[in-house]
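Asker:
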Amino acid sequence: MPGRYQDIYAQSIDDRETFWADAANALSWDKKWDKVIDLDAKPVPRWFAGGMVNTCYNALDRHIEAGRGGQNALIYDSPVTDTVAHYTYNELRDEVAKLAGAMRARGVGKGDLVIIYMPMIPQAAMAMLACARIGAIHSVVFGGFAAHELATRINDAKPKLILSASCGIEGSRVIAYKPLLDRAIDQATHKPETVFVWQRPQATAEMVPGRDFDWADECAAASPADCVSVAATDPLYVLYTSGTTGQPKGVVRDNGGHMVALHWSMKNIYGVSAGDVFWAASDVGWVVGHSYIVYAPLLAGCTTVMYEGKPVGTPDAGAFWRVISQHGVKALFTAPTAFRAIKRDDPNAELMKNYDLSCFEALYLAGERSDPDTLQWAERHLQVPVIDHWWQTETGWSICANPRGIELMPIKYGSPTVAVCGWDVRVVDEGCHEVPRGKIGALVAKLPLPPGTLPTLWQNDERFVSSYLAEYPGYYATGDAGFIDEDGYIYVMSRTDDIINVAGHRLSTGAMEEVLSGHQDVAECAVIGVHDDLKGQVPLGFLVLKAGVNRPDEEVVAEVIAMVRDQIGPVAAFKQATVVDRLPKTRSGKILRRTMRSIADGESYKTPATIDDPAILPEITTALRDIGYAREAAES
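Residue numbers 1 to 636, in full-length UniProt numbering, belong to the letters of the sequence shown in order.
(1) Taking the C-alpha atoms as reference points, what is the distance between residue 394 and residue 241?
(2) CB-CB under 6 Å to residue 295, same chain, minus the five flanking residues each way: which ones, in chain order?
(3) If you draw a straight line from the alpha carbon of residue 254 to that of residue 624, how long is it in whole angstroms?
(4) Does the beta-carbon of residue 327 have 16 or more other beta-carbons within 10 angstroms, so that it is buried, or is it exposed?
(5) How many Å lie between residue 317 and residue 336 at the Cα?
(6) I need the boundaries of the alpha helix (DSSP H) containing residue 320, first residue and last residue.
(7) Does residue 304 come out as helix, strand or coil in the three-state DSSP assignment?
(8) Quick check on residue 434: does DSSP put it in helix, strand or coil?
(9) Check each candidate in 136, 87, 92 and 353 and name the one with the smallest Cα separation from residue 106.
(10) Determine the closest residue to residue 512 out of 537, 477, 568 and 553, with distance taken between C-alpha atoms.
(11) Beta strand (DSSP E) containing residue 92: first to last residue?
(12) Would you list the one or two residues that DSSP bridges to residue 381?
(13) Which whole runs of the alpha helix (DSSP H) in the UniProt domain "Acetyl-coenzyme A synthetase N-terminal" (5-59) are 4 residues long or more, in chain order?
(14) CA-CA distance, residue 286 and residue 392?
(15) Just verifying my parser: in three-state terms, what is the DSSP assignment at residue 245?
(16) Roughly how many angstroms separate the alpha carbons of residue 245 and residue 468, rounded to a whole number?
(17) Which word fits residue 95, buried or exposed, when buried means at least 16 other C-beta atoms lie within 10 angstroms of its C-beta?
(18) Apart from the five residues on each side of it in sequence, which residues of its chain come closer than 6 Å, Cβ to Cβ, to residue 66?
(19) Assuming residue 479 is part of the beta strand (DSSP E), what are its boundary residues?
(20) Residue 370: which of 76, 354, 382 and 388 sits nearest, CA to CA?
(21) Let me confirm a value: residue 112 is counted as buried when at least 16 other C-beta atoms fall within 10 Å, else exposed. Which label applies?
(22) Out of 401, 323 and 27, point me to the one whose CA is closest to residue 260's CA.
(23) Using a 10 Å radius around the Cβ and a threshold of 16 neighbouring Cβ atoms, would you call residue 705 buried or exposed?
(24) At the level of alpha carbons, what is the spacing between residue 40 and residue 448?
(25) Can you check whether the CB of residue 176 is closer than 8 Å to the CB of residue 123?
(26) So for residue 279, helix, strand or coil by DSSP?
(27) What residues are listed by DSSP as bridge partners for residue 566?
(28) Excluding five sequence neighbours on each side, which residues of the same chain lie with their C-beta closer than 7 Å to the C-beta of residue 444?
(29) Measure the beta-carbon distance from residue 641 to residue 89 and round it to whole angstroms, keeping in mind my assumption that it falls under 8 Å.
(30) Skipping 5 residues on each side, what residues in its chain have a beta carbon closer than 7 Å to that of residue 314?
(31) Measuring straight from C-alpha to C-alpha, what distance separates residue 84 and residue 91?
(32) Which same chain residues, not among the five before or five after residue 408, have their C-beta less than 7 Å away from its C-beta?
(33) Compare the Cα-Cα distances from residue 247 to each of 539, 59, 290 and 463 and report the closest residue.
(34) Mapping DSSP to helix, strand and coil, what is residue 296?
(35) For the segment 345-353 against the segment 533-550, do three or more pairs of beta-carbon atoms, one drawn from each stretch, fall closer than 8 Å, so that the two count as touching?
(36) Have a look at residue 63 and residue 168 and give me their C-alpha separation to the nearest angstrom.
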């Protein structure tokens, strides 16, 4: 696979110190590093050891000093409140410095932890940057999270201060945040000293005297704070991800490596530069929001779009096209589920015709495996590269992508293309032996990991090692299964626990979903493995049909069963599927396959804290019972 990418990638693996030192030199350091990578650090090597830096300075002040202060830094677009607001780099820096000063006046300083429990409003981004400015560590908890789940994060993070808002808005619903926050603090054993509340006009929060303070009033009275220098290896933030034990895992992100990796990624992966408008249609509660709404675009001097709305329903399936056209978006990053929703409501993309998308150059999809049908639908209608890329909360940025800024590689449907520079991706079996090209195994990354990835879990090195390093010594375990083809393209087929064993044959549910999604009437789908006394497991499909399909469900089911038999073979034993109105998902768009499997097998289950709509689980249970499953399933 000769080409520019291959040469640059080879250097990133063979001479990683020179490669990442060059990338780091594009940013401002208070003190240069002693070592590009400290290979003796535990539990994993650390990047830019000895370096001193400030992430907020590099995201805001650096651009102002370079003469870009009048450029838009952030565009807030909120169809749910009918609001569009613009903040230049000067304005955003001033707001951030004031908030940082207000927190400092309430005793928050370097190394203190601050929880941010906010909706998708500019103040959420300001909160993150203000923490970074004074060397505090932030931990964003998705706005509207249940009180119990917020309490577990308060207990683990032990915040000195919490930044929140009076409410969030989900579609047409106003969700009061303050009562949830109050209940969480009541339940938590750790009590934060101070709470700042941003009062929104849609709901007014009641304040607890002596603990709660009006955000706007505190900022108005504060002196702006300057940037505080921190070690490159100091934590920038902690982001909690659900653990298999039910105890959340606090993924730690450092300042130096994170800053370097994200800055490098904007030009080389996303093909955008200073002055370009970049939009990540995610939420600040997720890693995508951290990396590509707040930090990476601002580090690169771009204009970032912060969108408080949905892909459909606010007001219709043309919402994304309106935002791209109105704000001159060059590249969009979103989840495949968003495009499945758009495709379902507007199968022929009629609403796209109402907007001028000539500014738009590329669509990036991640968060769930991108089925070829959705990807091709987007390609056909947008007429730009549609790029699937693969990464995780833990990694903070791409493991695999099509490196458009270096060289646009030929797209292979079903593959997020190739390993990103710095990532040495391998496929191994259960004994940690590499498997031949084309054979499915566990996808792992050879250590050391590149900058920007997690160095540990919050105050829990032992769990970090057992979760990610112990299973395959010398490698980071991604938890995903897949294969690498003869051209070096990587295919992520499913989570390792979604590889099902049918009568001794290891089969990927992702491969079956790929077939199902290719049916002309199917908007989205999921396949899970359910218990079978004879074969061990058999696959079961769930189908959501496109709007306007007027055929009996049984016809579509029969056709998809035939398609799987034809394209994968009888060995798949795919004989059953059911049509449902919708699939249970997290708020970031991930389908809750493990919960569905528990329901189908009649096992007790816990409703995940991240579920978008808990009311859907009884619907799934009813659908499964109708076809002979979920006889004893109950929420534990």
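Quick reminder that beta carbons are idealized off the backbone N, C-alpha and C, glycines included.
Answerer: Inspection of the coordinates gives the following:
(1) When the Cα atoms are used, residue 394 and residue 241 turn out to be separated by approximately 9 Å.
(2) Hits under 6 Å: 262.
(3) 45 Å
(4) buried
(5) 14 Å
(6) 319-327
(7) strand
(8) strand
(9) 136
(10) 568
(11) Here residue 92 belongs to no beta strand (DSSP E); instead the alpha helix (DSSP H) covers 89-105.
(12) Its beta-bridge partners do not exist; DSSP assigns none.
(13) 16-24
(14) 10 Å
(15) Because the pLDDT at residue 245 is just 48, under 50, the model does not fix this residue reliably, and the point stays unresolved.
(16) Since pLDDT at residue 245 reaches only 48, below the 50 mark, its modelled position is unreliable, and the value read off the structure follows with that caveat. C-alpha separation (whole angstroms): 14 Å.
(17) buried
(18) none
(19) 475-484
(20) 388
(21) buried
(22) 27
(23) The structure shown does not extend to residue 705, since the chain is modelled only from 1 through 636, so no value can be given for it.
(24) If I take the Cα positions, the gap works out to 11 Å.
(25) In this structure, residue 123 lies away from residue 176, with their beta-carbon atoms at least 8 Å apart.
(26) strand
(27) The partner list for residue 566 (beta bridge, DSSP) is empty, contrary to what the question assumes.
(28) For residue 444, same chain residues with a beta-carbon under 7 Å away, outside a window of 5 residues either side, are 426, 428, 472, 475, 476, 477 and 478 in chain order.
(29) Coverage of the chain is limited to positions 1 through 636, which leaves residue 641 absent and any answer about it impossible.
(30) 79, 80 and 171.
(31) 15 Å
(32) Cβ neighbours of residue 408 beyond the five flanking positions: 385 and 402.
(33) 463
(34) Helix at residue 296.
(35) yes
(36) 31 Å
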